[in-house]
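Following: one structure in C-alpha cells, then a few remarks.
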Amino acid sequence: MISDKYNPQETEQKWYNYWLENKYFHSEPDSRPPYTIVIPPPNVTGILHMGHMLNNTIQDVLVRRARMKGFNACWVPGTDHASIATEAKVVAKLKSEGINKSDISREEFLKHAWDWTNQYGGTILEQLKKLGCSCDWDRTRFTLEDKLSQQVIKSFVDLYNKGLIYRGYRMVNWDPEAKTNISDEEVIFKEQNGKLYYLKYKIEGSEDFLTVATTRPETIFGDVAVCINPNDERYAHLRGKKVIVPIVNRAIPIIEDDYVDIEFGTGALKITPAHDTNDYEIGIRHSLPMIDALDDDANLNEHGLHYAGKNRFEVRKAIAKELEEKNLLLKAEDYVNKVGTSERTGAVIEPKISQQWFLKMSEIAKPALDVVMNDEIKFHPEKFKNTYKHWMENIRDWNISRQLWWGQRIPAYYYGDGENDFVVAENSEEALALARERANNPQLTAENLKQDEDALDTWFSSWLWPMSVFDGLLAPENKDINYYYPTADLVTGPDIIFFWVARMIMAGLEWKGEVPFKNVYFTGIVRDKQRRKMSKSLGNSPDPLELIEKYGADSVRVGILLSSAAGNDLLFDEDLMLQGRNFATKIWNAFRLTQGWSKENKPSSEAEQQTIAWFENQLNKTILEINEQFDKFRISDALHLIYKLIWDDFCSWYLEAVKPNFGEGISLEVYDKTIYFFEELMKLLHPFMPFLTEELYQNIQHRGINEALVIAQQNSGGQFDETTISQFETAKEIISGVRNYRQSKGISPKEQVELFTSEKSFANESVIQKLANVSAIHYAEKTDKPSFTFLVGAVEISVPLSENLDLGEEKKKTEEELTYLKGFLVSVEKKLSNEKFVANAKPEIVETERKKQKDTLEKIAILEEKLKGF
Numbered sequence: 001m002i003s004d005k006y007n008p009q010e011t012e013q014k015w016y017n018y019w020l021e022n023k024y025f026h027s028e029p030d031s032r033p034p035y036t037i038v039i040p041p042p043n044v045t046g047i048l049h050m051g052h053m054l055n056n057t058i059q060d061v062l063v064r065r066a067r068m069k070g071f072n073a074c075w076v077p078g079t080d081h082a083s084i085a086t087e088a089k090v091v092a093k094l095k096s097e098g099i100n101k102s103d104i105s106r107e108e109f110l111k112h113a114w115d116w117t118n119q120y121g122g123t124i125l126e127q128l129k130k131l132g133c134s135c136d137w138d139r140t141r142f143t144l145e146d147k148l149s150q151q152v153i154k155s156f157v158d159l160y161n162k163g164l165i166y167r168g169y170r171m172v173n174w175d176p177e178a179k180t181n182i183s184d185e186e187v188i189f190k191e192q193n194g195k196l197y198y199l200k201y202k203i204e205g206s207e208d209f210l211t212v213a214t215t216r217p218e219t220i221f222g223d224v225a226v227c228i229n230p231n232d233e234r235y236a237h238l239r240g241k242k243v244i245v246p247i248v249n250r251a252i253p254i255i256e257d258d259y260v261d262i263e264f265g266t267g268a269l270k271i272t273p274a275h276d277t278n279d280y281e282i283g284i285r286h287s288l289p290m291i292d293a294l295d296d297d298a299n300l301n302e303h304g305l306h307y308a309g310k311n312r313f314e315v316r317k318a319i320a321k322e323l324e325e326k327n328l329l330l331k332a333e334d335y336v337n338k339v340g341t342s343e344r345t346g347a348v349i350e351p352k353i354s355q356q357w358f359l360k361m362s363e364i365a366k367p368a369l370d371v372v373m374n375d376e377i378k379f380h381p382e383k384f385k386n387t388y389k390h391w392m393e394n395i396r397d398w399n400i401s402r403q404l405w406w407g408q409r410i411p412a413y414y415y416g417d418g419e420n421d422f423v424v425a426e427n428s429e430e431a432l433a434l435a436r437e438r439a440n441n442p443q444l445t446a447e448n449l450k451q452d453e454d455a456l457d458t459w460f461s462s463w464l465w466p467m468s469v470f471d472g473l474l475a476p477e478n479k480d481i482n483y484y485y486p487t488a489d490l491v492t493g494p495d496i497i498f499f500w501v502a503r504m505i506m507a508g509l510e511w512k513g514e515v516p517f518k519n520v521y522f523t524g525i526v527r528d529k530q531r532r533k534m535s536k537s538l539g540n541s542p543d544p545l546e547l548i549e550k551y552g553a554d555s556v557r558v559g560i561l562l563s564s565a566a567g568n569d570l571l572f573d574e575d576l577m578l579q580g581r582n583f584a585t586k587i588w589n590a591f592r593l594t595q596g597w598s599k600e601n602k603p604s605s606e607a608e609q610q611t612i613a614w615f616e617n618q619l620n621k622t623i624l625e626i627n628e629q630f631d632k633f634r635i636s637d638a639l640h641l642i643y644k645l646i647w648d649d650f651c652s653w654y655l656e657a658v659k660p661n662f663g664e665g666i667s668l669e670v671y672d673k674t675i676y677f678f679e680e681l682m683k684l685l686h687p688f689m690p691f692l693t694e695e696l697y698q699n700i701q702h703r704g705i706n707e708a709l710v711i712a713q714q715n716s717g718g719q720f721d722e723t724t725i726s727q728f729e730t731a732k733e734i735i736s737g738v739r740n741y742r743q744s745k746g747i748s749p750k751e752q753v754e755l756f757t758s759e760k761s762f763a764n765e766s767v768i769q770k771l772a773n774v775s776a777i778h779y780a781e782k783t784d785k786p787s788f789t790f791l792v793g794a795v796e797i798s799v800p801l802s803e804n805l806d807l808g809e810e811k812k813k814t815e816e817e818l819t820y821l822k823g824f825l826v827s828v829e830k831k832l833s834n835e836k837f838v839a840n841a842k843p844e845i846v847e848t849e850r851k852k853q854k855d856t857l858e859k860i861a862i863l864e865e866k867l868k869g870f
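Right under this line is the structure:
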C-alpha cells in the first residue's frame with residue numbers, strides 16, 4: 001500500500017543502495033554503442049557547493065537518459081590532487097601542530113599530505129552520491145595515483161623529446177603565500193584603494209630632479225633606469241643623463257622608449273625589470289640588469305638595505321615616511337588601481353624573474369582551434385567559440401612548473417653544475433643511463449643525480465583526463481580506451497575553458513589523433529538574487545546537503561534545472577526547490593489517485609476513448625520535442641516540456657477526464673492504459689528525478705533486477721496526429737471558458753449548463769460534457785437569453801446565465817465593461833492613426849497594436865450582442 005506522503009529521506013538511500021548492489025552504474029565494453037562522460041574532477045580538498053550541484057545534476061541527467069536510450073553509459077568519477085590548494089591545507093594543518101614545512105623533508109611532508117588526502121579526499125564523491133549521481137564508482141580515479149602519474153610523466157618526456165618543453169628564465173606570477181608561481185589565468189584582478197607617490201629622482205651632479213610617479217615605492221631598490229618617451233620635448237634636455245635613486249643613492253641611466261605614455265602621470269617611468277612585466281620587456285629591449293629586491297615571502301632582501309627582512313606592505317608605509325622626511329616625496333594622491341591576486345590564496349601577486357619549465361603552445365594550439373571552429377567539437381552555447389578562438393589565437397607558452405611538493409615531480413635529473421647538465425627520463429634508472437651517455441661518464445651513479453625539486457602544474461595532469469582515466473597513455477590499445485574514447489559530452493563551467501577544455505583538446509589530438517569529446521556544454525554560474533556569485537566568503541551559498549535534507553534530492557535537482565539554460569547564469573532562489581517538492585507531491589498524489597480506483601470489467605466510455613487518443617498523440621509529440629531539446633543541449637527546456645506534460649496534460653486533464661464518477665469503478669482497459677502512460681512518464685522523468693520515479697515504478701508492480709527503471713528503455717516517440725491534439729486543445733479551451741463562467745458568476749460546478757455555438761460540431765463532445773458538466777450543446781444556434789459569451793479562436797460560444805443570477809447587476813457590469821473597451825479602442829486607434837508612430841515603431845510593435853484593435857472590436861461586438869438579450 002502506498003503511503004499518504006512521499007518521504008525522500010526513506011526512499012533515496014534505499015534505491016541508491018539497490019542501484020549500487022545491482023551494479024546498474026557499472027560499465028564494461030560490449031556490443032552496445034558507448035556513451036562516455038568523464039567528471040570534471042573536483043579538488044580532493046573540496047566539498048559540494050552549488051556549482052558542483054548544477055554541473056553534476058546535468059551530467060547525471062545526460063548519463064541516465066543515455067542508459068535508458070540503449071547506450072552503454074559510463075560516467076567516470078574522480079578527484080584532482082589540486083597542488084596549491086591541498087598543499088596549503090596540509091601546511092596549515094602542520095602549522096597548527098607546531099611543524100613548519102621548511103623543517104621537514106619532502107618525503108615526510110608527502111606522508112602528511114597522503115594521510116590528509118586519505119582522511120578527507122573522498123568527501124565530495126560521497127556527497128555526490130546523495131545527489132543521486134550514477135557514476136561508475138568502480139572506475140574512480142585520482143590524478144595523483146600511480147598509473148595516472150606515470151602517464152603524466154610519460155607525456156612530459158614525450159613532449160620534451162619532441163622539443164616542445166624547455167627550461168628558461170621568465171617573468172612569472174609569484175604567489176608569496178603558496179610560495180609558487182601561478183599561471184596568468186589564475187590571477188584575479190581586483191580594484192584596490194592605494195596611493196600614487198610622486199618621487200624626486202635627482203639629476204646626477206645637479207640639485208634639479210625628475211619626478212616619477214609609482215604605486216609601489218618599495219620597489220625602488222630594484223630600479224635600474226628611468227624611461228621617457230623619445231617624443232616628449234619636456235625631457236629632451238635630460239637625454240643621456242643619469243638620475244639618483246632615492247634612498248638607494250644609485251645612479252641609473254635615463255633611457256627612451258615608445259612604451260611610455262606621455263599623458264600618464266609625469267611621463268617618466270621608473271624601470272624595475274625584476275618586479276614588473278612591462279618593465280621586464282623594456283629591460284630586455286635595452287639590455288638592462290635585473291635586481292630582484294624581494295625574497296620568496298615578498299619580504300625585502302639584502303638589496304632593501306635597512307628594510308631587509310621586512311614585508312613589502314610594511315615597507316611601503318615606512319619608506320613613504322622616510323622619503324617625506326628626506327624631502328624626496330613631492331606628494332601622494334589617493335589612487336584606485338587593479339591589483340593581481342592569487343585565485344587560490346587571495347595573496348597579492350608579485351611579478352618575479354624565475355627559472356621555470358614551459359610548454360610551447362603555438363604548434364599544438366592550431367589543430368585544437370580548427371576542430372572547434374569547424375564544429376568537430378560543438379560548444380553549447382555556441383557563443384563560447386569566440387572566447388575560445390581569441391585565447392587560442394593569442395596563446396602564450398604554458399608555464400608548467402610549480403614550486404610545490406604535492407604533485408607529479410618534474411622528471412628532470414641534474415648531473416652537473418652547467419646550465420644544460422640535465423636529462424629528462426621517466427624514471428631514475430633511465431635517467432642514469434642517459435646521463436652517463438650525455439656526460440660521456442660511465443662512472444656516474446644514482447647518487448650523482450639530483451631530481452628537479454619542482455612539481456608539475458595540476459592542469460598538466462588533468463589535461464590528460466579523458467585518456468588517462470582509461471590508461472590510454474600506458475596501454476594505447478587497451479580495450480577500454482579503444483571502446484570509451486573519444487568521450488561523448490563534457491559538462492563544465494566557462495571559467496575553465498582555457499585551463500582545461502582547450503588543453504584537453506590539444507592533448508587528445510596530440511596523443512590519440514582524435515578529439516576527446518564531441519560536445520561541450522557550458523553551465524552558467526550560480527548566483528544569488530543580487531546576482532552575486534555564490535561563495536563561502538560572502539556567506540550567500542546554501543549548503544547543498546542541507547537543501548537535500550530539507551526538500552529531497554529530486555526536488556533540488558528539478559529546482560536547480562528549471563532555471564538553468566546553457567551558458568546563462570542561474571539566479572538561485574530556494575522557492576525553486578519548493579517548486580520541485582510540489583512537483584514531486586503532485587506526481588505522488590496522482591499515482592495514489594489511480595491506486596484508489598476500483599477496477600471493473602466494463603467497456604470504456606466515449607469520453608475516455610477520446611482522452612486516451614489525445615494523450616497518446618500528445619505523449620508521442622512531446623517526446624519528439626524533448627529529444628529535439630536534448631539534441632540542442634537545452635536541458636532546462638526539456639525539463640519544462642516534461643513538467644508541463646505531467647502536471648498539465650496528465651494530472652490536470654487526462655486524469656480528470658478518465659476519473660470515474662463518485663461511487664463508480666474504472667474500466668480495466670482505461671486503468672491499464674493509464675498505468676502504461678504513467679510508466680512512460682516516469683521513464684521520461686527518471687533522469688531528472690531518479691529516486692521518486694524508481695519508487696513509483698517499483699510500486700506499480702513487483703520488478704525483477706533486470707526490470708528496474710534505471711535501466712528501462714525510454715520510448716523514442718512516434719507518429720502523432722496533429723488534428724487529434726488540436727481538437728482536444730479546442731475542447732480544453734471550451735471547458736476552461738465554462739469553468740471561468742462558473743467562477744466569475746459564483747455558479748456551482750454541480751449545476752449543469754447548456755452551450756450555444758455558431759460552430760456546426762465539436763470533436764470530443766463527450767469530454768466537454770463530462771468535464772464542464774454540460775447537459776447539451778446546441779450547434780449553429782444562438783440563444784435569445786442573457787448569456788456569458790466567450791471566444792475559442794474565431795468561434796463564439798454562449799452559456800445562458802443561471803436563473804439564480806441578478807440580471808440587472810449583470811447588465812450593469814456588461815455596460816461598464818463595454819464602456820471601458822470602447823475607451824481602450826480609442827487609445828489604440830489614436831496610435832495607429834499617427835503616421836509618425838506607424839513609420840518609426842518596430843514592425844512587431846505596430847502589429848501588436850493592430851492585434852489589440854482586432855481583439856477589442858471582437859469583444860465589443862460580443863458584449864453589444866449580449867446586451868440585446870437583457
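The numbering of the sequence shown is UniProt numbering, which starts it at 1 and goes up by one.
Ideal placement from N, C-alpha and C gives every residue a C-beta, glycine not left out.
* Asked: When DSSP builds the beta bridges, which residues end up paired with LYS200?
  -> Beta-bridge pairing by DSSP links LYS200 to THR211.
* Asked: Just the Cα atoms here: how many angstroms apart are LYS632 and HIS380?
  -> 8 Å
* Asked: With a Cβ-Cβ cutoff of 8 Å, do ASN43 and ASN181 count as a contact?
  -> no
* Asked: Which full runs of the beta strand (DSSP E) of 3+ residues lie inside the stretch 408-440, going along the chain?
  -> 412-414 and 422-424, all fully within the stretch 408-440.
* Could you tell me if PRO544 is buried or exposed, where buried requires 16 or more neighbouring beta carbons within 10 angstroms of its beta carbon? => buried
* Should PRO8 and ASP554 be called a contact, given that it needs their Cβ atoms to be closer than 8 Å? -> yes
* To do: Evaluate PRO176 with the Cβ neighbour count: other Cβ atoms within 10 Å of its Cβ, from every protein chain shown; 16 or more gives buried, anything less gives exposed.
  => buried
* Which term fits GLU350, buried or exposed, when burial requires 16 or more other beta carbons within 10 angstroms of its beta carbon? -> buried
* Count the other CB atoms, across all protein chains shown, that sit within 10 Å of the CB of TYR820; report buried if there are 16 or more and exposed otherwise. => With fewer than 16 other CB atoms across the displayed protein chains lying within 10 angstroms of its CB, TYR820 is exposed.
* ILE364 to LYS338, Cα distance in whole Å? -> 33 Å
* Asked: By Cβ distance below 7 Å, which residues in the same chain neighbour CYS651 in space, the five residues on each side in sequence not counted?
  -> LYS586 and ALA590
* Asked: Do HIS306 and ILE291 have their C-beta atoms closer together than 8 Å?
  -> no
* Sorted by chain position, which residues of the same chain lie with C-beta nearer than 8 Å to LEU449's C-beta, five sequence neighbours on each side aside? -> Taken in chain order, the residues that qualify are TYR413, TYR414, TYR415, SER428, ALA431, LEU432 and ALA435.
* Asked: At what residue ranges does the stretch 321-383 contain a whole run of the alpha helix (DSSP H), taking only runs of 4 or more?
  -> 362-373
* To do: Could you tell me if HIS52 is buried or exposed, where buried requires 16 or more neighbouring beta carbons within 10 angstroms of its beta carbon?
  => buried
* Supposed contact pair CYS227 and ILE284 - C-beta distance, whole angstroms, cut 8 Å -> Contact flag wrong, Cβ pair sits at about 13 Å.
* Would you kindly check if the distance between the Cβ of SER766 and the Cβ of GLU606 is under 8 Å? => yes
* Which one or two residues does DSSP pair with LEU269 in a beta bridge? -> CYS227
* Using three-state DSSP, classify VAL558 as helix, strand or coil. => helix
* List the whole-angstrom C-beta distance separating PHE688 from VAL61, where the pair is believed to meet the contact cut-off of C-beta under 8 Å. => Indeed, because the Cβ distance is near 6 Å, the residues count as touching under 8 Å.
* Same chain only: Cβ atoms within 8 Å of residue 875, ignoring 5 sequence neighbours per side -> Within the shown structure, residues of the chain are numbered from 1 to 870, placing residue 875 beyond reach of any answer.
* Asked: On the premise that PRO466 lies in contact with PRO516, defined as a C-beta separation below 8 Å, what is that separation, rounded to the nearest angstrom?
  -> 4 Å
* To do: Give the secondary structure of ALA113 by DSSP, where H, G and I count as helix, E and B as strand, and everything else as coil.
  => helix
* To do: If I'm right that LYS195 touches GLU333 with Cβ under 8 Å, what's the distance once you round it to whole angstroms?
  => 7 Å
* Asked: Unbroken alpha helix (DSSP H) runs of length 4 or more, entirely within the stretch 3-34: which are they?
  -> 8-21
* To do: Return the first residue and the last residue of the alpha helix (DSSP H) that ILE626 is part of.
  => 606-631
* Asked: Are the stretch 214-225 and the stretch 264-281 touching by the rule of at least three beta carbon pairs closer than 8 Å?
  -> yes
* **Minimum C-alpha distance to ASP370 - residue among PHE313, ILE505, GLU849 and ALA455** => ILE505
* **Selected residue, minimal CA-CA separation from THR266, among THR214, SER748 and GLY508** => THR214
* Asked: Touching or not, the stretch 823-838 and the stretch 849-869, by the rule of three or more beta carbon pairs under 8 Å?
  -> Segments in contact, yes.
* Below 7 Å CB to CB, which residues in the same chain sit around LYS130 once its five sequence neighbours on both sides are set aside? => Same-chain partners within the cutoff: LEU545, ILE548 and ALA553.
* Asked: What did DSSP end up calling ARG141 once you bin it into helix, strand or coil?
  -> Looking at ARG141 - three-state DSSP - the assignment turns out to be strand.
* Terminal residues of the continuous beta strand (DSSP E) containing ILE244? -> 242-244
* **Beta-ladder partner(s) of HIS81, from DSSP** => DSSP output for HIS81 lists no bridge partner at all.
* Asked: For SER775, which of helix, strand or coil comes out of DSSP?
  -> In the structure shown, SER775 sits in a strand (DSSP, three-state: E or B).
* Can you tell which of ASP138, ASP136 and ALA88 has the C-alpha that lies nearest to the C-alpha of TRP116? -> ALA88
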